[in-house]
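Counted from 1, the sequence shown has number 157 at position 156 by the working numbering; the numbering is strictly sequential. Beta carbons are placed, not taken as given, at the ideal position from N, Cα and C, and that holds for glycine. If you're wondering where the values come from, they're calculated on a predicted model, not measured in any experiment. Structure record follows, encoded as structure tokens.
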Amino acid sequence: MSSNRRLLFLFASVAFACAEDTTPLDGGVDASSADVDGGTQPDARTDAEVMDGSRDVGPHDSGRPSDSGIAPGTPLLDRAVDPRVNCSVEAGLASQAPRSWYQGGHAVVNRGGEAILVRTESNPPTPFDPAPTNLVFGPLEATGALGAVETIRAIPEGVSVSAPGVAVAGDQLFVIWAESAQLSVAIDGPSGVMGPTQLGWSATEFSRVAVAAGHGGIGLIFSNYDFDSGRYTTAFGRVSAAGTPTGNPVVIRIGTDDPSATLVATTSGWAVLLRRDSDFVFLPLAIDGTPGAPRVLVPDGELVAGRGAGFDRPRHALLPTVDGFLAAWVESKPTFDAGAFSGIRLASLSSAGELNSQPIWVRAPEVDIDEVEPELTWFGQNVALSWARGHHIYICAGCMPDHEVDTVVFDPSSMIPVSSVVTIDPPTRGGLLRRSEAWVGDTLRMAFSITFHVHGEPGTAVVRCQ
């Protein structure tokens, strides 16, 4: 990424405004569709929690933790481990330099039992030197090595692209990205790569597209940023199995924050976790994208939910279960002096997005430490949680993050760890951020940016659980 593009991204990520806007996205978006303001908040938290505080959230408060004799609110990692799963580092951190990936421009998925890594890649002789850039995909091996690639798109010089959104439907790999403010899709199937094809919908390149396979195609959430007003318009759209738009996108939010949305398919439609300015919400969508009643999981208060803490990418996790969802998000206390921290909340939600029990910390927050970028994935009947942990940076003058990557497996019914925490250690300089991961058998394949001050280099690692 060029220095100008990096500055553009940083400017946009901290832009704020107070007024709302109803300006539609280009490409025929129905701007009259409901946005998520004004929804009901049953069983939601009513005020911000402090670091060690637990509180009554209503009739569900007895919940799953107390069934095991654990006090509600006990952090996940303070609960005794039931050692059913043994996790270890299969392949430690491996730098993939001299390759260069667009920051966050990579995604790992399991396609038919093979880990596929999609990324926007170049091979500059030294960082910041110009070099041809291609959108490519190829295997990520159990050793952490990268296999031979296929090219989706040769990116013209001077053209900016977003991080790709990737999903697998049947034997097809869908890759969706923004290029020159327009969304494009490419599909790799039995006949090879089809596309890219422009969808006719506009999107901001620095806002990652959230995608999920379901209901005969692909759902996606994307945002458009207006530099004049400082506001985002966020919409839901659908793409058919043939890669063509299904109807017009539906506007689900207009506001001052990039929502950093996470999207999953459900039996009745879709579900979204997103940042809504001062609140953090769960939003159900019908199959066509019509918004349902939002649930405010974290209202505005002492702690801030859903934002990045520094070099990390704002990120939330949502995992469908038999009777609802598991969700994980970041809550932080941002300050420019002493006392800052970020921690990860873990919660069980009903199918309507209501809290089944009070959210718990994964680890009790620690001043000067940021725990960020949670991801939830199924591992058999258990769930794996991965996240990044590093020191908080108050003032940056040549600063570098130092985040490690931690993984633990837990029982979703009892909310008890069934493995110890396994850690991918960072290098001497730089932190492991903007991670993407996927299970293949008993190996969790990871790709991330080894992040320095103003640039990063690609890295991989593998965790094995048995």
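Given residue i, which residues of its chain have a CB within under 6 Å of its CB, disregarding the five upstream and five downstream residues?
i	result
residue 173	188, 190
residue 165	108, 119, 176, 178
residue 86	410, 419, 420, 466
residue 199	183, 185
residue 312	402, 434, 452
Using a Cβ-Cβ cutoff of less than 7 Å, which residues in the same chain neighbour residue i once the five nearest sequence positions on both sides are dropped?
i	result
residue 158	none
residue 149	139
residue 96	451, 458, 460
So which of the options has the shortest CA-CA distance to residue i?
i	options	result
residue 361	397, 113, 299	299
residue 204	193, 181, 218, 186	181
residue 72	250, 415, 153, 171	415
residue 275	265, 261, 267	261
residue 230	435, 258, 279, 218	258
residue 88	459, 422, 428	422
residue 366	352, 342, 169, 381	342
residue 351	302, 396, 296, 201	296
residue 464	318, 149, 439	439
residue 395	338, 433, 137	338
residue 251	244, 267, 202	202
residue 354	74, 272, 313, 235	272
residue 81	412, 102, 101, 358	412
residue 232	278, 444, 263	278
residue 125	371, 234, 99, 357	99
residue 74	444, 371, 359	359
residue 382	357, 321, 268	321
Could you tell me the distance, in whole angstroms, from the CA atom of residue i to the CA atom of residue j?
i	j	result
residue 454	residue 398	9 Å
residue 145	residue 151	18 Å
residue 375	residue 388	4 Å
residue 451	residue 324	37 Å
residue 213	residue 123	27 Å
residue 131	residue 211	29 Å
residue 255	residue 185	22 Å
residue 226	residue 417	41 Å
residue 161	residue 183	10 Å
residue 425	residue 431	13 Å
residue 167	residue 110	7 Å
residue 460	residue 228	33 Å
residue 18	residue 135	Note that residue 18 scores 31 on pLDDT, short of 50, meaning its location in the model is unreliable and no value can be drawn from it.
residue 369	residue 402	12 Å
residue 404	residue 84	26 Å
residue 247	residue 290	11 Å
residue 332	residue 364	12 Å
residue 1	residue 384	As displayed, the chain neither begins before 2 nor continues past 467, which places residue 1 out of reach and without an answer.
residue 133	residue 121	10 Å
residue 345	residue 315	12 Å
residue 114	residue 442	7 Å
residue 448	residue 428	15 Å
residue 238	residue 154	22 Å
residue 319	residue 303	24 Å
residue 308	residue 378	21 Å
residue 317	residue 334	17 Å
residue 79	residue 216	40 Å
residue 195	residue 137	13 Å
residue 301	residue 249	32 Å
residue 234	residue 372	29 Å
How about residue i and residue j: do their beta carbons lie closer than 9 Å?
i	j	result
residue 253	residue 221	no
residue 240	residue 270	no
residue 306	residue 283	no
residue 348	residue 329	yes
residue 386	residue 77	yes
residue 393	residue 128	no
residue 406	residue 436	yes
residue 265	residue 326	yes
residue 169	residue 209	no
residue 171	residue 242	yes
Quick one: is residue i near chain B, going by C-beta distance under 9 Å?
i	result
residue 387	Of the chains in the structure shown, none is chain B; there is only one protein chain.
Does the beta carbon of residue i fall short of 8 Å from some heavy atom of the ligand MN?
i	result
residue 387	For the ligand MN, the structure offers nothing, since it holds no ligand at all.
For residue i, which residues from the same chain have a beta carbon less than 8 Å from its beta carbon, with the 5 sequence-adjacent residues on both sides left out?
i	result
residue 60	Here the model assigns residue 60 a pLDDT of 29, short of 50, so the residue's position is not dependable, and the following value carries that caveat. Once the five neighbours on either side are set aside, residue 60 has no close Cβ partner at all.
residue 163	106, 178, 179, 180, 204, 205, 206, 207, 208, 209, 210
Inter-stretch contact at 8 Å, needing at least 3 Cβ pairs: the stretch 134–148 / the stretch 78–94
yes
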